[in-house]
Amino acid sequence: MPNEIYPPSAEFAARAHIGSMDQYRSLYQRSLNQPAEFWGEMAERELAWFEKWTTVFDWQPPQVRWFMGGKLNASYNCIDRHLETWRRNKVALIWEGEPGDSRMISYQELHRLVCRFANVLKSRGLKAGDRAIIYMPMVPELPVALLACARLGIIHSVVFGGFSAEALKTRIQDLEAQVVITADGGYRRGREIKLKPAVDEALTECESVQNVIVLKRTGSETSMREGRDHWWDHLGREEGEVCPAEPMDSEAPLFVLYTSGTTGKPKGIVHSTGGYLLETTLTMKWVFDLRDEDIYWCTADVGWVTGHSYLVYGPLSAGATCLMYEGAPDFPQPDRFWRLIDKYRVNIFYTSPTAIRSFLKQGDQWPAGHDLSSLRLLGSVGEPINPAAWDWYYRVIGGERCPIVDTWWQTETGAIMIAPMPGATSLKPGSGTLPLPGVEADLVDLQGKPLGANQEGYLVLRHPWPSMFRTLWNDPQRYEDNYFKKVPGAYMTGDAARRDEDGYYWILGRVDDVMNVSGHRLSTMEVESALVRHPAVAEAAVVGKPHEITGQSVACFVTLKKGDYDEQQLGGELKQWVAKEIGAFARPEQIRFTEALPKTRSGKIMRRLLREIVTSNSVSGDVTTLEDLSVLARLSSHQDED
Ligand code: 7RM
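For the sequence shown, the working numbering gives the first residue as 3, with consecutive numbering after it.
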């Protein structure tokens with residue numbers, strides 16, 4: 003399998019949107035040589051505009067604007083325009099709850115739900131430019147909430163339901179949100195995960211929030227604050243089912259999504275309307291080769307960017323039938339995903355390497371019991387996919403019949419940047435293959451000099467693309483400093499990569515202090531700040547440790563303040579503390595107590611050494627700048643993993 007190349011089958015290519023390398027190359031060349039003509043044509047063809055733009059794009063690094071003067075609405079593009087076609091009665095969402103309840107929602111029905119909820123928001127006094135925080139389980143009302151906000155130009159920010167009250171609070175405060183949309187709770191592994199109590203806790207310090215709208219999902223006991231909290235259904239009963247979509251500037255912010263950066267403070271990635279919608283829509287065809295008769299399933303939670311772009315905006319704008327599932331992949335048994343694929347005859351399946359590795363480990367008997375022959379295309383996102391996982395996905399799930407699209411992109415890029423066009427591109431397992439049209443990827447060294455074939459370097463994107471983020475909320479300076487300072491005029495991705503002799507990209511991972519745990523971005527600094535907020539902790543250093551299933555896990559080195567501690571007990575307490583401060587997915591796998599942390603003479607923690615210690619339990623690299631070598635000796639001999 004290693005080094006093998008998988009060309010598209012003639013059968014797949016014959017029916018694909020992009021069916022040959024010649025077609026890919028001509029699109030790609032045109033997109034770089036005549037970007038304004040290329041993107042103008044795409045925007046006209048793929049989206050419905052209330053008013054046409056006057057200028058396709060304006061690039062004043064680091065600021066870019068797309069389709070200036072154009073007016074459109076994302077909710078209109080995802081729903082209303084389909085109502086004028088045969089798709090009005092097509093199923094937009096097939097939803098299955100973890101307990102097994104299910105709903106089918108047509109585009110017409112989605113329109114009614116979204117209009118009704120948009121009217122609820124309107125009657126609460128919300129208007130274009132206001133901010134809504136959405137903190138919900140994976141139920142149909144979650145995309146309904148996004149689309150209702152988009153319909154009125156309310157900027158939404160979804161906070162993943164796994165985040166803690168503390169994380170929720172900092173996001174509400176940073177956005178100065180006027181409304182929080184939430185639910186009593188959701189289901190995960192057979193238990194209720196409550197959401198409303200976290201909202202109540204967060205709101206003790208958020209003056210901006212005047213309204214909380216609560217969906218009843220589980221029906222469990224929920225406290226409601228008079229005057230502030232309202233039941234979704236109760237408000238909705240009084241509203242009509244007509245609500246015109248607000249014509250928005252192409253550049254109007256559609257949403258803000260917080261993601262981890264290299265400091266303790268998450269960054270509010272701001273996406274605009276026209277460019278974002280165009281590229282998410284186009285990549286549904288280019289990469290997922292979406293056809294009208296397909297059942298498409300993206301397993302990502304809407305709390306992450308993949309859920310925004312490839313469960314809500316991209317597929318609905320492209321008129322797809324999307325499967326959405328509420329719960330855990332292994333509930334009630336490890337075959338839940340395969341059961342769903344079989345039951346709904348899923349054709350396109352998009353998931354993460356972490357999920358694939360955990361399925362692989364559980365064994366072939368789980369998929370074996372189900373008919374997966376409806377699948378025609380598989381996708382992967384979030385982390386590099388290792389050869390063993392690729393091979394298993396290809397053989398056992400895809401029946402050696404389905405191309406795998408390994409899609410590289412980021413919260414910042416909005417849409418997929420590097421990925422195969424499955425009817426054209428030959429696959430190499432582990433490689434995202436080639437940049438999509440409009441994506442001028444390059445590799446540079448520390449000085450910003452371009453590199454040749456097979457050299458490892460920093461991945462940059464040179465030309466702006468429509469779905470690129472526009473700024474960081476409340477922090478335009480950090481936008482410029484973080485991403486555009488190192489290589490003039492180019493966007494620095496933060497990833498290292500190699501390009502082989504065929505021009506294929508191989509992503510090696512992050513070059514900054516960002517960890518990738520189960521495909522979720524998490525900053526080492528964020529965990530460190532959480533740890534030092536604990537009264538017993540003096541100092542903390544956090545690194546990603548290679549992990550068989552989740553890619554990386556969180557490993558912490560901690561020094562304590564003076565006192566008598568039971569290290570065993572405190573270790574457990576600190577893990578719990580981090581889970582509470584950030585969210586359960588950030589729970590450290592390992593806490594090591596140490597008398598001091600290895601530092602350079604200027605006082606910087608040497609994370610490289612700590613990374614080596616957690617990886618190999620020894621240090622081989624250069625340690626000449628290390629302040630206290632005995633610290634190192636003590637660290638590498640100390641082993642208290644669990
Ligand atoms: C979509 C998403 C972005 C980071 C990115 C990479 C890593 C994502 C791949 C990948 C190798 C892939 N957004 N990454 N996709 N690495 N191959 N196909 O994950 O903002 O949460 O993370 O994820 O390091 O910079 S994200």
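Ideal Cβ placement from N, Cα and C applies to all residues, glycine included. These numbers were taken from a predicted model, which means no experiment stands behind them.
Query, Result
"Let's see if you can read the secondary structure: which residues bound the alpha helix (DSSP H) around Glu43?", "37 to 48"
"Is the beta carbon of Thr275 closer than 8 Å to that of Ile418?", "no"
"Run the proximity test for Asp408: is its beta-carbon closer than 7 Å to any non-hydrogen atom belonging to the ligand 7RM?", "yes"
"Using the beta-carbon count (16 or more within 10 Å), is Val244 buried or exposed?", "exposed"
"Give every residue of the same chain whose Cβ lies closer than 7 Å to the Cβ of Tyr506, excluding the five residues on either side of it in the sequence, and list them in chain order.", "Lys430, Ser433, Thr435, Leu436"
"Can you find the residues in the same chain that come closer than 7 Å, C-beta to C-beta, to Lys171, ignoring five residues on each side of it along the sequence?", "Ala204, Glu207, Cys208"
"When you compare only the Cα positions, how much space is there between Pro142 and Cys558?", "38 Å"
"Going by the CB atoms, is the gap between Val407 and Thr308 shorter than 8 Å?", "no"
"I need the straight-line Cα distance from Val348 to Met517, nearest angstrom please.", "32 Å"
"In the DSSP assignment, what are the bridge partners of Tyr352?", "Cys300, Gly381"
"Just list the beta strand (DSSP E) runs in the region 204 to 241, keeping only unbroken ones of 3 residues or longer that don't cross its boundaries, in chain order.", "213 to 217, 231 to 233"
"Are the beta-carbon atoms belonging to Thr87 and Tyr137 less than 8 Å from one another?", "no"
"When you measure from the CB of Gly434 to every non-hydrogen atom of the ligand MN, does any distance come out below 7 Å?", "Looking at this structure, you won't find the ligand MN anywhere; what it does contain is the ligand 7RM."
"With distance defined between alpha-carbon atoms, name the residue in Ile584, Ser252, His113, Tyr485 nearest to Trp68.", "Ser252"
"Please say whether Ser262 and Glu528 have beta carbons closer to each other than 8 Å?", "yes"
"Identify the continuous alpha helix (DSSP H) that holds Glu528 and give its terminal residues.", "526 to 534"
"From the DSSP output, in three-state form, read off Pro199 for me.", "helix"
"Quick check on Leu445: does DSSP put it in helix, strand or coil?", "strand"
"In the DSSP assignment, find the alpha helix (DSSP H) that holds Gly440 and state where it starts and stops.", "Segment: none, Gly440 is in no alpha helix (DSSP H) and carries neither H nor E."
"Tell me whether the beta-carbon of Pro249 lies closer than 8 Å to the beta-carbon of Phe52.", "yes"
"So Ala586 is in the alpha helix (DSSP H); what residue range does that whole segment cover?", "Note, Ala586: premise wrong, no alpha helix (DSSP H); not H, not E."
"Any C-beta of chain D sitting closer than 8 Å to the C-beta of Glu98?", "Any reference to chain D falls outside this structure, which holds one protein chain only."
"Buried or exposed: where does Leu448 fall if 16 or more other Cβ atoms within 10 Å of its Cβ makes it buried?", "exposed"
"Between Ala258 and Leu177, is the Cβ-Cβ spacing less than 8 Å?", "Residue identity differs from the one stated: residue 258 is Val in this sequence, not Ala. Cβ distance < 8 Å, so Val258 and Leu177 count as in contact."
"Using DSSP with H/G/I as helix, E/B as strand and the rest coil, what is Pro369?", "helix"
"Is it right to say Ser555 is buried, meaning 16 or more other beta carbons lie within 10 angstroms of its own, or is it exposed?", "buried"
"Counting C-beta neighbours from all protein chains within 10 Å, is the total for Lys563 16 or more, i.e. buried, or is it exposed?", "exposed"
"To the nearest angstrom, how far is the alpha carbon of Arg173 from that of Ala581?", "17 Å"
"Please report how far the alpha carbon of Gln641 lies from the alpha carbon of Leu154, in whole angstroms.", "Because Gln641 carries a pLDDT of 44, less than 50, the predicted location of this residue cannot be relied on, and no value is offered for it."
"Using a 10 Å radius around the Cβ and a threshold of 16 neighbouring Cβ atoms, would you call Glu643 buried or exposed?", "A caution first: Glu643 carries a pLDDT of 36, below 50, which makes its placement in the model unreliable, though a value can still be read off. Exposed, since its Cβ has fewer than 16 Cβ neighbours within 10 Å."
"Could you tell me which of His84, Asp103, Gly99, Arg105 sits nearest to His113, measuring between CA atoms?", "His84"
"Short check: CB of Leu313 to CB of Tyr327, under 8 Å?", "no"
"Taking C-alpha atoms, which residue in Gly329, Ser360, Leu379 lies nearest to Ile350?", "Leu379"
"Ordered along the chain, which non-local residues of its own chain (more than five positions away) have a Cβ less than 8 Å from that of Pro334?", "Gly192"
"Leaving out five residues before and five after Arg501 in sequence, what residues of the same chain have Cβ atoms less than 6 Å from its Cβ?", "Leu445, Tyr507"
"Between the beta-carbon of Val181 and the beta-carbon of Arg219, is there less than 8 Å?", "no"
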